[in-house]
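Engineer: Counting in my numbering, the sequence shown runs from 91 upward without gaps.
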Amino acid sequence: MSDSAQPQIDSEQLRSQIDGKLVRTVAAEPSRASKADYYQALSQIAREQLAQRWVETQNTDRANKARRVYYLSMEFLIGRAMNNALSALDLRDAAAQVFSGPGPSLGEVMECEPDAALGNGGLGRLAACFLDSMATLGLPSWGYGVRYEYGMFAQSIINGHQVEKPEAWLQDRSPWEFPRANKHYTVRFGGTAEHHGEWAEWHAADSVEAKAFDYVIPGHGTERISTLRLWKAAAPTEIDLGAFNTGDYQRAAEFKNRFENISWVLYPNDSTSAGRELRLRQEYFFVSASLQDILLRHLAENGTLENLAEKIAIHLNDTHPAIGVAELMRLLVDEHSMSWNDAWDQCRRIFSYTNHTLMPEALETWKVSLINRVLPRHLLIIYRINQEFLDEVVRLYPGDIDLMRRVSLIDDGGGHEKDKRVRMAHLCIVGSQRVNGVSQLHSDLMVQTIFADFARLYPERFHNKTNGVTPRRWLSQANPALSRLIDERLATKKWRLDLDLLQGLRESADDAGFCTAFAAAKRENKLHLANYIARETAVRLDPDSLFDVQVKRIHEYKRQLLNVLHVIARYNALRSGATAGLAPRSVIFAGKAASSYHMAKQVIRLIHDVAAVVNHDPLTRDLLQVVFVPNYGVSVAELIMPAANLSEQISTAGTEASGTGNMKLSLNGALTIGTEDGANIEIRDNVGADNIFIFGNNTAQVNALRQSGYQPMDYYRNDETLKAVLDLIDSGFFSPGERSRYHDVFNCLLHYGDYYLLLADFADYVATQQRVDTLYLTPGEWQRKAILNVAGMGPFSADRTIRDYANDTWHLNTP
C-alpha cells in the first residue's frame with residue numbers, strides 16, 4: 091500500500107461497471123435499483139477481481155511447490171466482507187464517490203450485508219485477523235473451518251431476557267463464497283475397527299459428505315490471497331426416498347437432517363448427551379475433511395508423503411481441532427500405508443498448538459465411551475500414542491506414578507470405567523512440535539500451572555505469541571475519522587502495514603491543535619454510536635458523556651457483574667447528592683451468554699433491570715445511563731470500538747489468556763481500566779503506566795487469597811458501599827415484580843465463595859473509577875493520554891504476531 095496508490099479504476103469507470111452489472115446479472119434498472127441491488131452489483135465486481143487474485147496466488151504456490159500453513163479453527167469471525175474487499179482492491183474511494191450523490195450512500199449499501207455467522211468471540215476474530223495478516227505478508231496459507239448455516243445464535247432481548255434465534259445469514263446466499271463442486275470428502279462415524287498389524291480397517295456405521303465452500307481473504311498492499319475453506323455437511327443421499335414414497339415424509343426428512351445438522355450451529359448446547367455427541371461429530375467432521383484435502387493437495391504437487399513435514403505446517407487453534415492428531419495418524423497409517431513410527435515422526439513435526447485458557451475446567455475432554463462409540467479407530471490410536479508417551483515418561487522419571495497419572499492422555503476417572511476421559515489438550519501437546527500461549531503472562535502461567543509437567547518434559551516446546559489485531563479492519567476501516575487524522579499527521583498511509591509507525595504520534599500528544607482534532611474525531615464516532623443505540627434500544631446517550639465500554643462474551647470470569655456493582659454504587663452516590671467529581675457517564679455493555687449458562691444470563695437480565703431504574707430516575711439520568719447493545723458481532727464492534735473512551739478489561743487476574751478487545755479499544759484511543767491480566771500488562775508496558783488504569787489483586791495475590799481461605803463475607807461487612815449495593819440487589823429493588831430474582835447472584839458472591847473475587851477487588855475498582863472521572867473532567871490531559879495509547883499500539887498488530895509464528899513455529903520466510 092503505497093502513499094501514491096491510485097484506484098485501479100476511477101469513479102466513472104466503476105459507476106459504468108455497476109450499471110452494467112445491475113442490468114446484466116442483477117436484472118435491475120439502474121435508475122430504480124434498490125440498496126440490495128447495488129450491493130449485489132458492487133460485490134460481484136469485487137468478487138471478480140478477488141477471484142483473479144486467488145487463481146494467480148494458487149498458480150504461484152503450485153508452481154513453487156510452496157510450504158503452506160494450514161490454520162484449523164472452529165471459528166472464523168470474519169464479519170462483513172465488502173468494506174475489506176474494497177479497501178484491499180483500492181476501490182474504496184471510487185465507490186464512495188459513486189454513492190455520494192442522490193440515492194443510497196456507500197454505508198447504506200454495505201449494511202445490506204449480514205455478518206458472516208462463523209464465530210462467537212475473540213477466538214474467531216483472532217483467526218480472522220490472522221488470515222488477513224497471512225495474506226498481507228504473502229504467506230501461502232489456508233484456514234479451515236465449518237460453514238455454519240445459523241452461526242451460534244442471533245441474540246435479542248425480551249423483557250431483559252436473552253432470547254436465542256437462528257442467525258440465518260445464508261438465507262439469501264453470500265456473494266463472497268465460491269462453492270467447490272469438485273471438492274467433497276467422505277467423513278465416517280461409528281462402527282468397529284479391525285486390526286491388521288500396525289494398521290486397521292475401519293468398518294464405519296454411517297458417513298457424511300463434506301462439501302467445500304471457499305472465501306478469499308485478500309491481503310493489503312499485495313495481490314496475495316489467503317483461502318478460508320469451510321465445510322458443509324451433506325447427507326449421502328438427499329432424502330430417504332423409500333420412506334417418502336410410502337408417505338412417511340417425516341422419516342424421509344429426518345434422514346437428511348441427521349447428517350446435515352453437523353454444520354447447522356456453532357457450539358451446539360452440550361448440556362445434553364445428544365449435544366455433546368453432535369459437538370464431537372462437528373469437530374471431527376471439519377478436521378477429517380480438512381486433512382483429507384491437505385493430503386490430496388500435497389500428493390498432487392509432490393507425488394509422495396515422505397516430505398509432508400517439509401511442505402506443510404498445521405496449526406491447531408485451541409483444542410477443538412485436537413482430534414486432528416489422531417486423524418492424521420489414521421490417514422497416514424491406514425489409508426496411505428505409512429509405518430506407525432514414520433507417521434508419528436511426521437505428525438510431531440507438522441502440528442503446532444495454541445492454548446487459549448488457563449482454567450482447567452475449560453480444557454476440552456471427552457468421555458472415552460463417547461469417543462469409542464463415535465470414533466472407535468481414533469480411540470485405539472489415542473491409546474497407542476498414550477502408551478508410547480507414558481513409556482517415554484517412565485524412562486525419564488522411573489517410578490513417578492503421580493506424574494504419569496497427571497500427564498496421561500487418559501484421565502482414569504478415579505478408577506471408574508464410565509468416568510474415563512480423553513484429555514484433548516494433552517493430545518495436542520504430545521502431538522505438536524510447538525505449544526504457545528497468547529500473552530506473556532498467560533504463557534508464563536501455562537508452564538507454571540496447567541502444563542507444568544509437560545513443560546518439565548519438553549521445555550523447548552513451550553513459548554509465547556502475544557495476540558494482535560489487524561489495523562486494516564480495526565482502525566483504517568472502522569475509524570475513518572481517526573485514520574484520516576493519522577494520515578495527515580504522519581504524512582503517510584503506510585502505518586496500515588507497519589503499525590510501529592504510530593510511534594510518530596507521541597510528539598503530537600502535547601500539540602493542542604492535534605488534541606482538538608483528535609477529540610473531534612472521537613465525538614464524531616460517539617455520535618454515530620449514539621444514533622445506532624437509539625435506533626436499536628431507544629436509549630439516548632449523551633455524546634459528551636464518558637463512554638464506558640465492556641463488550642465481550644458474557645462470562646463470570648470476565649466480571650461484567652463487577653462493572654454492574656460499580657454502576658449501582660455510582661447510582662447510590664448520585665441519589666444521595668454526592669455528584670462532585672463525577673463525570674457524566676454512559677455505561678455500554680454488549681455480548682452473548684452461552685445458551686445453557688444460567689449465571690451469565692442472570693447478569694444480562696440484571697444489567698437490563700439496573701438500566702431500567704437508572705435511566706428513568708430524574709435525579710441521576712443526566713449523569714448516568716446504562717445500555718446493553720443486543721446481538722454483539724463484528725459490525726457492532728466496528729461502531730463501538732472507535733467511540734469508546736474507557737475500555738473495561740476487568741477479569742480476575744490469571745484468568746484471561748490475552749484479550750484482543752483490549753487492543754482494538756486502545757488502538758482507537760480508549761483508555762484501559764483493567765487488572766494485571768492477559769495482555770493488559772503488555773499494553774501498560776507499551777503505552778506507559780501513567781496512561782492506563784490498573785487496579786485489583788494481581789495473580790500472586792489472587793492465589794494467596796484463595797490459599798489463605800478467602801472470606802467474601804468479610805468484605806461485605808467491612809465496606810458500607812459494597813454492602814449497600816449487594817443489599818439493593820438482594821432486596822429486589824431492581825426487580826420489584828420478583829423480589830427474589832437475584833438471590834442466586836447475591837448468594838454466589840457471599841455464600842458460595844465468590845470464586846472470581848469480585849468483592850476483593852471492588853473497593854480498588856471503585857477508587858480507580860474515581861481517578862477515571864477526575865481525568866475525564868480534564869479534557870486536555872485525557873486526550874493526551876488517549877493519543878499516547880494509540881501511539882503505543884504498534885506491537886499489537888496481528889502482522890507482528892504472524893511474523894513471529896511464521897519464523898519461529900511454522901518455518902516460513904516473511905518479509
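The C-beta atom is built at its ideal place from N, Cα and C for all residues, glycine as well.
Relative to the alpha-carbon of residue 207, which residue among 543, 177 and 170 has its alpha-carbon at the smallest distance?
Structural biologist: The residue given as residue 207 occupies position 117 in the sequence shown. Answer by Cα proximity: 170.
Engineer: Taking only the alpha-carbon atoms, compute the straight-line gap between residue 282 and residue 320 and give it to the nearest angstrom.
Structural biologist: The residue given as residue 282 occupies position 192 in the sequence shown. The residue given as residue 320 occupies position 230 in the sequence shown. Cα to Cα, residue 282 sits roughly 29 angstroms from residue 320.
Engineer: Could you give the uninterrupted runs of the alpha helix (DSSP H) lying entirely in the segment 730-790, keeping only those of 4 residues or more?
Structural biologist: 751-757 and 770-777
Engineer: Taking C-beta to C-beta, are residue 175 and residue 140 nearer than 9 angstroms?
Structural biologist: Here residue 175 is taken as the residue at index 85 of the sequence shown, counted from 1. Here residue 140 is taken as the residue at index 50 of the sequence shown, counted from 1. Cβ distance < 9 angstroms, so residue 175 and residue 140 count as in contact.
Engineer: In this structure, does DSSP put residue 304 in helix, strand or coil?
Structural biologist: Taking the sequence shown and counting its residues from 1, one reaches residue 304 at position 214. Residue 304 falls in the strand class under three-state DSSP.
Engineer: Under the DSSP definition of a beta bridge, which residues are partnered with residue 245?
Structural biologist: Numbered from its first residue, the sequence shown carries residue 245 at position 155. The partner list for residue 245 (beta bridge, DSSP) reads 254.
Engineer: Could you give the uninterrupted runs of the alpha helix (DSSP H) lying entirely in the segment 838-881, keeping only those of 4 residues or more?
Structural biologist: 848-866 and 869-881
Engineer: Reducing DSSP to helix, strand and coil, say where residue 263 ends up.
Structural biologist: Here residue 263 corresponds to residue number 173 of the sequence shown, with the count starting at 1. Here residue 263 sits in coil by DSSP.
Engineer: Going by beta-carbon coordinates alone, are residue 770 and residue 615 separated by less than 9 angstroms?
Structural biologist: Within the sequence shown, residue 770 is the residue found at index 680, counting from 1. Within the sequence shown, residue 615 is the residue found at index 525, counting from 1. Not a contact, by the Cβ cut-off of 9 angstroms.
Engineer: Within 10 Å of its beta-carbon, does residue 255 have 16 or more other beta-carbons around it, so buried, or fewer, so exposed?
Structural biologist: Taking the sequence shown and counting its residues from 1, one reaches residue 255 at position 165. By the neighbour-count criterion, in which 16 or more other beta carbons inside 10 Å mark a residue as buried, residue 255 falls on the exposed side.
Engineer: Excluding the 5 residues flanking residue 516 on each side, which residues of the same chain have their C-beta closer than 6 angstroms to its C-beta?
Structural biologist: Indexing the sequence shown from 1 puts residue 516 at position 426. Hits under 6 angstroms: 499.
Engineer: For residue 605 versus residue 873, is the C-beta distance shorter than 9 angstroms?
Structural biologist: Sequence index remark: in the sequence shown, residue 605 carries index 515 (1-based). Sequence index remark: in the sequence shown, residue 873 carries index 783 (1-based). Yes, the Cβ-Cβ distance between residue 605 and residue 873 is below 9 angstroms.
Engineer: So, at 8 angstroms on beta carbons, what are the nonlocal neighbours of residue 143 in its own chain, with the 5 sequence-adjacent residues on each side left out?
Structural biologist: Numbered from 1 along the sequence shown, position 53 holds the residue referred to as residue 143. Beyond the five residues adjoining it in sequence on each side, residue 143 comes within less than 8 angstroms, by CB distance, of 306, 308, 313, 314 and 315 in the same chain, given in chain order.
Engineer: Work out the CA separation of residue 805 and residue 663 for me, nearest whole Å.
Structural biologist: Sequence index remark: in the sequence shown, residue 663 carries index 573 (1-based). Sequence index remark: in the sequence shown, residue 805 carries index 715 (1-based). Approximately 19 angstroms between the Cα atoms of the pair.
Engineer: What's the gap between the Cα of residue 845 and the Cα of residue 839?
Structural biologist: What you label residue 845 is simply residue 755 of the sequence shown in a count that begins at 1. What you label residue 839 is simply residue 749 of the sequence shown in a count that begins at 1. Spanning the two alpha carbons is a distance of roughly 8 angstroms.
Engineer: Roughly how many angstroms separate the alpha carbons of residue 146 and residue 356, rounded to a whole number?
Structural biologist: Residue 146 sits at position 56 when you count from the first residue of the sequence shown. Residue 356 sits at position 266 when you count from the first residue of the sequence shown. Rounded to the nearest angstrom, the two C-alpha atoms are 33 angstroms apart.
Engineer: Starting from the C-beta of residue 472, find all residues in its chain whose C-beta is less than 7 angstroms away, skip the five residues before and the five after it, and write them out in chain order.
Structural biologist: The sequence position of residue 472 within the sequence shown is 382, counting from 1. Closer than 7 angstroms at the Cβ level, and outside the excluded window around residue 472, lie 416, 499, 512 and 517.
Engineer: Rounding to the nearest angstrom, what Cα-Cα distance links residue 118 and residue 676 in this structure?
Structural biologist: Reading the sequence shown from its first residue, position 28 is the one you call residue 118. Reading the sequence shown from its first residue, position 586 is the one you call residue 676. Answer to the nearest angstrom: the Cα atoms are 44 angstroms apart.
Engineer: Go ahead and label residue 287 buried or exposed: buried means 16 or more other beta carbons lie within 10 angstroms of its beta carbon, across all protein chains shown.
Structural biologist: Residue 287 sits at position 197 when you count from the first residue of the sequence shown. So residue 287 ends up on the exposed side.
Engineer: How big is the Cα-Cα spacing for residue 739 and residue 843?
Structural biologist: For the purposes of this step, residue 739 is taken as the residue at position 649 of the sequence shown. For the purposes of this step, residue 843 is taken as the residue at position 753 of the sequence shown. Residue 739 and residue 843: Cα-Cα distance of roughly 22 angstroms.
Engineer: Could you tell me the distance, in whole angstroms, from the CA atom of residue 109 to the CA atom of residue 205?
Structural biologist: The residue labelled residue 109 in the question sits at position 19 within the sequence shown. The residue labelled residue 205 in the question sits at position 115 within the sequence shown. Near 26 angstroms, if we compare the C-alpha coordinates of residue 205 and residue 109.
Engineer: Nearest by alpha-carbon distance to residue 585: which of 242, 261, 267 and 886 is it?
Structural biologist: The residue you call residue 585 lines up with position 495 of the sequence shown. Of the residues 242, 261, 267 and 886, the one whose Cα lies closest to the Cα of residue 585 is 886.
Engineer: Would you please state the rounded distance, in angstroms, between the beta carbons of residue 136 and residue 181? I believe it to be under 8 angstroms.
Structural biologist: Reading the sequence shown from its first residue, position 46 is the one you call residue 136. Reading the sequence shown from its first residue, position 91 is the one you call residue 181. A Cβ-Cβ distance of about 7 angstroms is found for the pair residue 136 and residue 181, placing them in contact under the 8 angstroms criterion.
Engineer: Just the C-alpha distance for residue 572 and residue 732, rounded to the nearest angstrom, thanks.
Structural biologist: Within the sequence shown, the letter at position 482 stands for residue 572. Within the sequence shown, the letter at position 642 stands for residue 732. C-alpha separation (whole angstroms): 8 angstroms.
Engineer: Mind checking residue 590: buried by the 16 CB within 10 Å criterion, or exposed?
Structural biologist: On the sequence shown, residue 590 is found 500 positions in, with the first residue counted as 1. With fewer than 16 Cβ atoms within 10 Å of its Cβ, residue 590 is classed as exposed.
Engineer: Determine whether the beta carbon atoms of residue 779 and residue 559 lie at a separation below 9 angstroms.
Structural biologist: Mapped onto the sequence shown, residue 779 falls at position 689. Mapped onto the sequence shown, residue 559 falls at position 469. In this structure, residue 559 does not lie closer than 9 angstroms to residue 779 by Cβ.
Engineer: Is it buried or exposed, residue 340, if we count other Cβ atoms within 10 angstroms and call 16 or more buried?
Structural biologist: Position 250 of the sequence shown, counted from the first residue, corresponds to residue 340. Looking at its Cβ environment, which holds fewer than 16 other Cβ atoms inside 10 Å, residue 340 is exposed.
Engineer: Using the three-state DSSP reduction, which class does residue 286 fall into: helix, strand or coil?
Structural biologist: Position 196 of the sequence shown, counted from the first residue, corresponds to residue 286. Here residue 286 sits in strand by DSSP.
Engineer: Drop a sphere of 10 angstroms on the beta-carbon of residue 486, count the other beta-carbons inside from all chains shown, and report buried for 16 or more, exposed for fewer.
Structural biologist: Counting from one through the sequence shown, the residue named residue 486 turns up at place 396. Flag for residue 486 reads exposed.
Engineer: For residue 262, does the count of other Cβ atoms within 10 angstroms reach 16, so buried, or fall short, so exposed?
Structural biologist: The sequence position of residue 262 within the sequence shown is 172, counting from 1. Looking at its Cβ environment, which holds fewer than 16 other Cβ atoms inside 10 Å, residue 262 is exposed.
Engineer: Indicate whether residue 594 and residue 376 have their beta-carbon atoms separated by less than 9 angstroms.
Structural biologist: Mapped onto the sequence shown, residue 594 falls at position 504. Mapped onto the sequence shown, residue 376 falls at position 286. No, they are not a contact pair.
Engineer: As a quick exercise: from 434, 699, 879 and 200, pick the residue whose alpha carbon is nearest that of residue 777.
Structural biologist: Looking up residue 777 in the sequence shown gives position 687. Nearest option by C-alpha distance: 879.
Engineer: What's the call for residue 750, buried or exposed, on a 16-neighbour Cβ count within 10 Å?
Structural biologist: What you label residue 750 is simply residue 660 of the sequence shown in a count that begins at 1. Its Cβ being crowded by 16 or more others within 10 Å, residue 750 is buried.
Engineer: Quick check: does the Cβ of residue 863 come within less than 8 angstroms of any heavy atom belonging to the ligand PLP?
Structural biologist: Absence of the ligand PLP from the depicted structure is noted, as is the absence of any ligand whatsoever, leaving it without description.
Engineer: Would you mind sorting residue 382 into buried or exposed? The rule is 16 or more other CB atoms within 10 Å of its CB.
Structural biologist: If you number the sequence shown from 1, residue 382 lands on position 292. Buried, since its Cβ has 16 or more Cβ neighbours within 10 Å.
Engineer: For residue 797 versus residue 671, is the C-beta spacing smaller than 9 angstroms?
Structural biologist: By one-based count along the sequence shown, residue 797 stands at place 707. By one-based count along the sequence shown, residue 671 stands at place 581. Cβ distance not < 9 angstroms, so residue 797 and residue 671 don't count as in contact.
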